[in-house]
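In UniProt numbering, the protein residues as written are 1 to 550. Data first, discussion second: the structure below is written as structure tokens.
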Amino acid sequence: MFADRILTNAAVFQAAGAAPADTVAVHDGVIVGVGRGVDRSMVGKDTEITDLGGVSLLPGFIDAHAHPVAAGMAALRCDLSDLAHDRETYLAAIADYAASHPGEAVIAGAGWYGDAFPDGFPTRHDIDAVVSDRPVILTSHDYHGAWVNSRALELAGITAQTVDPAGGRILRDHAGEPSGVLLDRAGEAVNELIPEVTPQFMRRALLEAQRRLHSVGVTGWQDAAVGAEFFGLKDNFATYVDADEAGELTARVVGALWWEADRGGEQLTDLCARRDRTGHARFTASMVKVMQDGICENCTAAMLAPYRAVGGHDISSGQSFIAPEDLHKITALLAGERFGVHMHAVGDRAVRECLDALEQAIAQHPRFDARRHQIAHLDVVDPQDIPRFGDLGIIANIQALWARRDKEIVERKLPLLGPDREPWHFPFASIQRHGGILAMGSDWPVTDPNPLWAIHTAVHRTGSHADPHAIGDGVFDTPLQAQEGISLQSAIHAYTAGSAHANHQDRTGRVAVGMLADLVVLDQDIFAAEDVGTVRPVHTIVGGDTVFAL
Numbered sequence: 001m002f003a004d005r006i007l008t009n010a011a012v013f014q015a016a017g018a019a020p021a022d023t024v025a026v027h028d029g030v031i032v033g034v035g036r037g038v039d040r041s042m043v044g045k046d047t048e049i050t051d052l053g054g055v056s057l058l059p060g061f062i063d064a065h066a067h068p069v070a071a072g073m074a075a076l077r078c079d080l081s082d083l084a085h086d087r088e089t090y091l092a093a094i095a096d097y098a099a100s101h102p103g104e105a106v107i108a109g110a111g112w113y114g115d116a117f118p119d120g121f122p123t124r125h126d127i128d129a130v131v132s133d134r135p136v137i138l139t140s141h142d143y144h145g146a147w148v149n150s151r152a153l154e155l156a157g158i159t160a161q162t163v164d165p166a167g168g169r170i171l172r173d174h175a176g177e178p179s180g181v182l183l184d185r186a187g188e189a190v191n192e193l194i195p196e197v198t199p200q201f202m203r204r205a206l207l208e209a210q211r212r213l214h215s216v217g218v219t220g221w222q223d224a225a226v227g228a229e230f231f232g233l234k235d236n237f238a239t240y241v242d243a244d245e246a247g248e249l250t251a252r253v254v255g256a257l258w259w260e261a262d263r264g265g266e267q268l269t270d271l272c273a274r275r276d277r278t279g280h281a282r283f284t285a286s287m288v289k290v291m292q293d294g295i296c297e298n299c300t301a302a303m304l305a306p307y308r309a310v311g312g313h314d315i316s317s318g319q320s321f322i323a324p325e326d327l328h329k330i331t332a333l334l335a336g337e338r339f340g341v342h343m344h345a346v347g348d349r350a351v352r353e354c355l356d357a358l359e360q361a362i363a364q365h366p367r368f369d370a371r372r373h374q375i376a377h378l379d380v381v382d383p384q385d386i387p388r389f390g391d392l393g394i395i396a397n398i399q400a401l402w403a404r405r406d407k408e409i410v411e412r413k414l415p416l417l418g419p420d421r422e423p424w425h426f427p428f429a430s431i432q433r434h435g436g437i438l439a440m441g442s443d444w445p446v447t448d449p450n451p452l453w454a455i456h457t458a459v460h461r462t463g464s465h466a467d468p469h470a471i472g473d474g475v476f477d478t479p480l481q482a483q484e485g486i487s488l489q490s491a492i493h494a495y496t497a498g499s500a501h502a503n504h505q506d507r508t509g510r511v512a513v514g515m516l517a518d519l520v521v522l523d524q525d526i527f528a529a530e531d532v533g534t535v536r537p538v539h540t541i542v543g544g545d546t547v548f549a550l
């Protein structure tokens, strides 16, 4: 058998204990040889041989938690995500977009960061100064807040008398008037103003996101909210199915189907029907996403003890979106239907509630493969719960890029947590040390999808100099809980084999004979790089085919 292509003279990344290799041979989309030097018996007249000059050859990165359609939609709208964190820069971009899109009745977009504003949040008056004649609705980078102008509030009927909805909060000024930021479900009223997006627009968004992900070395991902409708996002299930049937998906994608918290177990029939519609080629839907809390920065993450205000006074302990007894029923139903459960838990109380629910579901369904259930984010984990990930086989789905001293974290988040909880802020190493499996994702567009920036932060607990969003005193040289940094080998493994495991894609994530040829070629040896974040992908390969070349 002759190889279709051979990549040689490379620093091949392999699992610990594997024999060193510098050459990988591929035939019909599968790795057929890994070793030292070119095996001449595999070289035919049509074999393509590429000398990589000593750079790293890795398994393709797999993003275990992302929202690519949302990111693609943002890129096609008023996109603030790649801009400097600066109020004037944001307002200039909004004004430019409005001027260049005079026919848009509603200006929608996303990507702003709170650290660009004096008190951590913008106001409606900021946007009013540049656009006041039509509603402007801009989702925050973390997708937990909407920044709007006065016209949007007026059309949505949000006034000083409007009561905060369940699962949301209207920020208000000193006079009690809406300030222009709507948190979580409080944003639903303004998002109803955004015109319904077309299937064609959704398809463009998906393909734009796929292009971007391939450019940073990502060969597959798990979409962590397939079917969700919030903050202007629409049900993207058909987007994936249609693109897959048309042969437009070059990545391997797993969909985590959205669990609607305000519906009951009757939705299980719909979820099973959706799962049955997938599997044409590159898209499957074997997971279900359950959202248990919000985020620390706006005090909606569920904590075991109250948050601390800057002045030292106790305030709320956040929100559990689903009552623990109901969460137990949900996880048992999903496990009984052989779904993997992908849970959002940021606060330590939410983490414990999710672990408790999964433990019970596993006990009720012992034959079910429990080791693909996962809890994402894990901003704070109580030390008593850290060993439970390994004991129960629950995957820690981590977003490592957050584990550093960004200005927004230092000024808005850590004071709310207080010094007693700070040591348990993103405890990656502790979970791994107790036998927990790590899978890594970006949560894009909440943060950038570049795996190499996240890997740098996972190891050093600091920002990469290549990342424009690494902003704040000490972000490059003062680690955020340095003892929770993991090795470079472990970080790469988490973003490849760990995420492949989380996705039930066991023929990806490793460079070994018989594995699918999903690979990424870097521009240098990653283990020799002083700042891993400065390393760049130059070729991304899926199933033996190049899907990105620098």
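Beta carbons: idealized from backbone N, C-alpha and C, even for Gly.
Of the residues Gly145, Pro178, Gln210 and Gly167, the one whose Cα lies closest to the Cα of glutamine 161 is Pro178. Secondary structure remark: continuous beta strand (DSSP E) runs of at least 3 residues inside the stretch 66-125, in chain order: 107-112. Judged by DSSP secondary structure, glutamate 359 falls within the alpha helix (DSSP H) whose first and last residues are 348-364.
In the structure shown, the three-state DSSP call for histidine 144 is coil. In the displayed model, asparagine 9 falls within coil according to three-state DSSP, outside both helix and strand.
Considered as a whole, the stretch 410-453 harbours 414-417 and 428-433 as its complete alpha helix (DSSP H) runs of no fewer than 4 residues, in chain order.
DSSP links phenylalanine 339 through a beta bridge to no other residue. Its chain contains Ala108 and Gly109 as the residues whose beta carbon lies nearer than 6 angstroms to that of arginine 77, once the 5 sequence neighbours on both sides are disregarded; these appear in chain order.
In this structure, the straight-line span from the alpha carbon of valine 130 to that of glutamate 154 is close to 17 angstroms. Between the C-alpha atoms of glycine 318 and tyrosine 307 there is a straight-line separation of about 8 angstroms.
Apart from the 5 residues on each side of it in sequence, isoleucine 486 sits with its Cβ closer than 8 angstroms to the Cβ of Phe428, Ala429, Gln432, Leu438, Ala458, Val459 and Ala494 in its chain, given in chain order.
Around the Cβ of proline 199, a 10 Å sphere holds fewer than 16 other Cβ atoms; the residue is exposed. Excluding the 5 residues flanking it on each side, glutamate 260 has same chain C-beta neighbours closer than 7 angstroms at Gln267, in chain order. Contact check for alanine 152 and valine 136: beta-carbon distance about 6 angstroms, within the 8 angstroms limit, so the pair qualifies.
For tryptophan 444, the CB contacts under 6 angstroms within the same chain, skipping 5 residues up- and downstream, are Ala66 and Ala71 in chain order.
The straight-line gap separating the alpha-carbon atoms of proline 118 and histidine 85 is approximately 12 angstroms. Around the beta carbon of aspartate 420, fewer than 16 other beta carbons sit within 10 angstroms, so the residue counts as exposed.
Between phenylalanine 321 and glutamine 292, the CB-CB gap stays under 7 angstroms.
In chain order, Ala11, Gly54, Val55 and Ser56 place their CB closer than 7 angstroms to the CB of aspartate 525, counting only its own chain and leaving out the 5 sequence neighbours on each side. Excluding sequence positions up to five before and after asparagine 9, its CB lies within less than 8 angstroms of the CB of Asp22, Thr23, Asp51, Leu52, Gly53 and Gly54, all in the same chain and listed in chain order. For aspartate 506, same chain residues with a beta-carbon under 7 angstroms away, outside a window of 5 residues either side, are Ala500 in chain order. A distance below 7 angstroms between beta-carbons, with the five flanking residues on each side excluded, links tryptophan 453 to the following residues of its chain, in chain order: Leu401, Ser464, Ala466, Asp467 and Gly533.
Within its own chain, the residues whose Cβ lies closer than 7 angstroms to the Cβ of aspartate 128, once the five positions on either side in sequence are excluded, are Asn149 and Ser150, listed in chain order.
Classified as buried, histidine 342 has 16 or more neighbouring CB atoms from the shown chains inside 10 Å of its CB.
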